[in-house]
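Engineer:
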Amino acid sequence: MEPITVTRFAPSPTGALHLGNARTALFSFLLGRASGGRFILRIEDSDRGRGGPEFIVSQLADLAWLGLSWDAGPDRDDGRGPYRQSERGPIYDGLYEKLEFEGYAYPCYCTPLELDVARRAQLAASQPPRYPGTCRGLDSAARAARAAEGRQPALRFRVPDAGVIEFEDLVRGPQSVAAATLGDFVLRRADGGPMFFFCNAVDDSLMDVTQVLRGDDHLSNTPRQLLLLQALKMPVPRYGHLPLLLDASGAPLSKRRGSTTVGELRERGYLAAAVGNYLLRLGHTGAPDQWVEPAEFARNFSLDRLGRAPAHFDAAQLDHWQREAVRRLTPEQAVHWLDAELPADWSGQQRLEFAGLLQGNLLFPADTADWLPVLRGDLPPLTAEDSSVLAEAGPAFFEAALTAYHEVGADVGALGRELKQRTGRKGAALFMPLRIALTGRHDGPELAALLPAIPAALVRARLTGAARAH
RNA sequence: GCUCCCAUCGUCUAGAGGCCUAGGACACAGCCCUCUCAAGGCUGGUACGAGGGUUCGAAUCCCUCUGGGAGCGCCA
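Just so you know, we're using this note's numbering here: the first sequence kicks off at 1 and counts up by one.
1) Return the chain-ordered list of same chain residues with a C-beta closer than 7 Å to the C-beta of ALA355, the five sequence neighbours on each side being excluded.
2) With a CB to CB cut of under 7 Å and the five nearest residues on each side skipped, what residues in its chain are close to ALA499?
3) Kindly provide the ranges of any beta strand (DSSP E) runs that are 3 or more residues long and lie completely inside the segment 169 to 235, ordered along the chain.
4) Which complete beta strand (DSSP E) runs does the segment 99 to 152 hold, if anything under 3 residues is left out?
5) Excluding the 5 residues preceding and the 5 following ASP116 in the sequence, name in chain order all residues of the same chain whose CB lies nearer than 6 Å to its CB.
6) Check whether the segment 53 to 62 touches the segment 87 to 103, counting contact only when three or more Cβ pairs, one atom from each stretch, lie closer than 8 Å.
7) Less than 8 Å between the beta carbons of PRO107 and PRO160, yes or no?
8) Report the CB separation of GLN322 from ALA274 in whole angstroms; it is logged as a contact under 8 Å.
9) Over the uninterrupted beta strand (DSSP E) stretch that includes HIS18, give me the two end residues.
10) Exposed or buried, VAL6, counting other C-beta atoms within 10 Å across all chains shown (16 or more means buried)?
11) Excluding sequence positions up to five away, which residues of its chain have a Cβ less than 8 Å from the Cβ of PRO373?
12) For the putative contact between ALA201 and ALA179, defined by C-beta atoms under 8 Å, what is the C-beta separation to the nearest angstrom?
13) What separation, rounded to the nearest whole angstrom, lies between the Cα atoms of THR368 and ALA316?
14) I think ILE43 touches PRO13, with their Cβ atoms under 8 Å apart; what is that distance to the nearest whole Å?
15) Note down the Cα distance separating PRO433 from VAL389, rounded to an integer number of angstroms.
16) Could you check where the beta strand (DSSP E) with ARG38 kicks off and where it finishes?
17) What does LEU306 pair with, by DSSP beta-bridge criteria?
18) Please list the terminal residues of the continuous beta strand (DSSP E) segment that includes VAL412.
19) Report back the beta-carbon spacing between ILE436 and ASP386 to the nearest angstrom; my notes put them in contact at under 8 Å.
20) According to DSSP, simplified to helix, strand and coil, what is ILE484?
21) Quick one: Cα of MET1 to Cα of MET234, how far?
22) Is the separation between the beta-carbon of TRP198 and that of LEU187 shorter than 8 Å?
23) Sorted by chain position, which residues of the same chain lie with C-beta nearer than 8 Å to GLN359's C-beta, five sequence neighbours on each side aside?
24) Is it buried or exposed, HIS18, if we count other Cβ atoms within 10 angstroms and call 16 or more buried?
25) Can GLY215 and GLY32 be called in contact, C-beta distance under 8 Å?
26) Contact between the segment 202 to 209 and the segment 236 to 256: three or more CB pairs below 8 Å?
27) I think TRP70 touches PHE39, with their Cβ atoms under 8 Å apart; what is that distance to the nearest whole Å?
28) Please return the same chain residues whose Cβ sits closer than 6 Å to the Cβ of LEU279, not counting the five positions on each side in sequence.
29) Can you name the residues that DSSP bridges to ILE165?
30) Quick check on DSSP: helix, strand or coil for TYR239?
31) CA-CA distance, ARG119 and VAL292?
32) Run the CB neighbour count on SER46, radius 10 Å, all protein chains shown included, and call it buried at 16 or more, exposed below.
33) Quick check on this structure: which residue in THR285, LEU458 and ALA34 has the alpha carbon closest to the alpha carbon of ARG376?
34) Among THR383, ALA414 and ALA145, which has the Cα closest to the Cα of LEU451?
35) On a CA-only basis, which of ARG143, PRO194, SER35 and LEU63 is nearest ARG84? Give me that one, please.
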């Protein structure tokens, strides 16, 4: 039987979830849970000095908002937890011991200063900055001597001097790296905390993760994790490295640079399904050019349709999917989306009517502010162009419109016929000045739908005003 | 500095030696439809980073260069 696919997303709580990470999370989710496997969430908070719990909360909320749900995570243990690395110390302790006992790891007493000096010297000599191996061959007497100085050792992995590490990357294909280029890396810090290479690899294995999708920046680190897991004789997941996401200027999206975060998009009113449709196509093909429902994402996702080159974030494309998403909102959903922007005193029915009327003309909830005055207040000043349209129509036109409105009311069809008869105007020459006088702008929903939504007193006042001013 | 990864329209990309005078989507421009906007339909411009090979034939394979990115941390 084919073993079940288990994927994971392992954010570190050092900032808000940005688009690049969201994409990695989405793809992992699609490959796992959405395809009948499992998807788990692990918080990589092994560095106590950085980040904070507020970021765990916000990242979880962002993930949930995007529609990604997880089978296990910090809020949902399935027996393989805990799912926060800061709580997994005891698990790591046994592994350190085993590694050291079997000779795969050794204590390193070098100080940060010593390491820094060595690194600079190597760089100056055009050598790659690697751990020089100072503590590699220390005997027990030498170790005791250093310990007696009060030095707290870190634990380093002993990388083989020779050999080649080979693996098949899920998106890049066969990879191979010479062990000699690696250098012994730290497993456990002097303060006892685990290092990324160690806890990340070990946890994936312990949590039965079968496929790891992560950023390109981990590609060169993968051999280390492979070596480590092999030394531990633990199951090794398959790794796939996604190209990084760049911003419009070509710089990598990152937390530090404050690049587009999921939270920001949500606050601006982007719909999760829009972000999903965009992300699904960013560096990935196979989805049709048309809108795809989130429930169909997994069906349209495939590892071998992943691109290898870094992709740029393009707001115009996101907005395209946003427009598609807004169009597909039911009136109830649209009201919910718009809620905070609508007048508090409006009834549910009024909200529904407003949403139904303007949904096609809004890209963000904030755009509501452009339309509220049309339905219930003073119109902003006209543009010169719009104003000249009113002038061209002339006072008589608006007087006729006023009379016609008295007679037929808000029925635009009847109003149009009446006006045509009275003024001889038709088509755009008839409706355009009417629209501008009534709404203060030249675009928007059909007048037939718009006119009944404007209170009669306002309609009369605007037509009167147009007749006077022009 | 060393190692690794990447390279097709402005952007996302199709393309796995002849189907490519390079296709689609977004964006842009024009036209049609329409009271307008949006949607829809049609049309248009814009790309294989450079140079060498291999081959009857290369966007596709190889090499060099260029450009971009990553890694080399007691960060993740």
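We put the beta carbon where it would ideally sit given N, CA and C, even for glycine.
Structural biologist: Reading off the structure:
1) Counting from 1 along the first sequence, the entry for residue 355 is found at position 355. Closer than 7 Å at the Cβ level, and outside the excluded window around ALA355, lie PRO331, ALA334, VAL335 and LEU338.
2) The first residue shown for the chain is 1 and the last is 470, placing residue 499 beyond what the model contains.
3) Correct list: 173 to 178, 186 to 188 and 211 to 215.
4) 105 to 108
5) Here residue 116 corresponds to residue number 116 of the first sequence, with the count starting at 1. Nothing listed; no residue qualifies.
6) no
7) Taking the first residue of the first sequence as 1, we reach residue 107 at position 107. Taking the first residue of the first sequence as 1, we reach residue 160 at position 160. Contact: no.
8) Indexing the first sequence from 1 puts residue 322 at position 322. Indexing the first sequence from 1 puts residue 274 at position 274. Indeed, because the Cβ distance is near 4 Å, the residues count as touching under 8 Å.
9) Taking the first sequence and counting its residues from 1, the one referred to as residue 18 is at position 18. Taken as a continuous stretch (DSSP letters only), HIS18 belongs to no beta strand (DSSP E), as it is neither H nor E.
10) Taking the first sequence and counting its residues from 1, the one referred to as residue 6 is at position 6. Buried, because 16 or more other Cβ atoms sit within 10 Å of the Cβ of VAL6.
11) As a working note, residue 373 is residue 373 in the first sequence. Apart from the 5 residues on each side of it in sequence, PRO373 sits with its Cβ closer than 8 Å to the Cβ of LEU379, PRO380 and GLY440 in its chain, given in chain order.
12) On the first sequence, residue 201 is found 201 positions in, with the first residue counted as 1. On the first sequence, residue 179 is found 179 positions in, with the first residue counted as 1. Actually they do not touch by this definition, with Cβ atoms about 16 Å apart.
13) Here residue 368 refers to the residue found at position 368 when the first sequence is read from its first residue. Here residue 316 refers to the residue found at position 316 when the first sequence is read from its first residue. Each residue's Cα considered, the two are about 20 Å apart.
14) Stepping through the first sequence from its first residue, residue 43 is reached at position 43. Stepping through the first sequence from its first residue, residue 13 is reached at position 13. That pair is a contact at about 6 Å.
15) By 1-based counting over the first sequence, the position of residue 433 is 433. By 1-based counting over the first sequence, the position of residue 389 is 389. Cα-Cα distance, rounded: 6 Å.
16) On the first sequence, residue 38 is found 38 positions in, with the first residue counted as 1. Segment 38 to 41, the beta strand (DSSP E) holding ARG38.
17) Translated into positions along the first sequence, residue 306 becomes position 306. Paired residue(s): HIS284.
18) Here residue 412 refers to the residue found at position 412 when the first sequence is read from its first residue. From DSSP, VAL412 is part of no beta strand (DSSP E) but of the alpha helix (DSSP H) over 412 to 423.
19) In the first sequence, residue 436 corresponds to position 436, counting from 1. In the first sequence, residue 386 corresponds to position 386, counting from 1. Rounded, the Cβ-Cβ distance is 5 Å, consistent with contact.
20) Only positions 1 to 470 of the chain appear in this structure, which leaves residue 484 out of reach.
21) Taking the first residue of the first sequence as 1, we reach residue 1 at position 1. Taking the first residue of the first sequence as 1, we reach residue 234 at position 234. With a pLDDT of 49 at MET1, under the threshold of 50, the predicted position of this residue should be treated as unreliable, though the coordinate-derived value follows. Cα to Cα, the separation comes out at about 21 Å.
22) What you label residue 198 is simply residue 198 of the first sequence in a count that begins at 1. What you label residue 187 is simply residue 187 of the first sequence in a count that begins at 1. In the sequence as displayed, the identity of residue 198 is Phe instead of Trp. Result yes, Cβ atoms of PHE198 and LEU187 sit closer than 8 Å.
23) Along the first sequence, read from residue 1 onward, the residue named residue 359 stands at position 359. These residues qualify, in order along the chain: VAL326, ARG327, LEU329, PRO331 and ALA334.
24) In the first sequence, counting from the first residue as 1, residue 18 sits at position 18. Buried: at least 16 other Cβ atoms inside 10 Å.
25) Indexing the first sequence from 1 puts residue 215 at position 215. Indexing the first sequence from 1 puts residue 32 at position 32. Cβ atoms of GLY215 and GLY32: not closer than 8 Å.
26) Put simply, the segment 202 to 209 touches the segment 236 to 256. At least three CB pairs are less than 8 Å apart.
27) For this step, residue 70 is matched to residue 70 along the first sequence. For this step, residue 39 is matched to residue 39 along the first sequence. The pair is a contact, with the Cβ atoms about 5 Å apart (cut-off 8 Å).
28) One-based indexing of the first sequence puts residue 279 at position 279. Around LEU279: ARG23 and LEU26.
29) If you number the first sequence from 1, residue 165 lands on position 165. Residue pairing from DSSP places ILE165 in a beta bridge opposite VAL177.
30) Position 239 of the first sequence holds residue 239. Note: TYR239 maps to strand in three-state DSSP.
31) For this step, residue 119 is matched to residue 119 along the first sequence. For this step, residue 292 is matched to residue 292 along the first sequence. So the alpha carbons of these two residues sit roughly 51 Å apart.
32) Residue mapping note: residue 46 aligns to position 46 of the first sequence, counting from 1. Result: buried.
33) As a working note, residue 376 is residue 376 in the first sequence. For the residues THR285, LEU458 and ALA34, the minimum Cα distance to ARG376 belongs to LEU458.
34) One-based indexing of the first sequence puts residue 451 at position 451. For the set THR383, ALA414 and ALA145, the Cα lying nearest the Cα of LEU451 is the one of ALA414.
35) Position 84 of the first sequence holds residue 84. The option with the nearest alpha carbon to ARG84 is PRO194.
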